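Colleague: Heads up: the sequence shown begins at 16 in my numbering, then just goes up one per residue.
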Amino acid sequence: ADALASKDNYVKGVMSGLSDPYAMLRVGPQTFKSRHLDNTLSPKWDEMYE
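If you want it as structure tokens, here you go:
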């Protein structure tokens, strides 16, 4: 996917600390999982799946 909207770092109205985010993408029967990124609130992945 290109140009996905970013999400903020608020959880139930409370700002959270750093995280180790990853992304999951489901296309039909296939599921793809990105690598996780350590200690960031602004993850950016540059990955391609086939």
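Where is the CB? At the ideal position from N, CA and C, for every residue including glycine. Model, not experiment: these values are computed from the prediction.
Output the distance between the C-alpha atoms of residue 47 and residue 32, rounded to the nearest integer angstrom.
Modeller: So the alpha carbons of these two residues sit roughly 26 angstroms apart.
Colleague: Looking only at C-alpha atoms, which of 49, 34, 57, 53 sits nearest to residue 65?
Modeller: The option with the nearest alpha carbon to residue 65 is 49.
Colleague: At the level of alpha carbons, what is the spacing between residue 59 and residue 38?
Modeller: If I take the Cα positions, the gap works out to 10 angstroms.
Colleague: Counting only the same chain and skipping the five closest in sequence on each side, list residues whose C-beta sits under 8 angstroms from that of residue 34.
Modeller: Only 24, 54, 55, 56 meet the Cβ criterion.
Colleague: Where DSSP assigns a beta bridge to residue 40, which residues make up the other side?
Modeller: Bridge partners of residue 40: 47.
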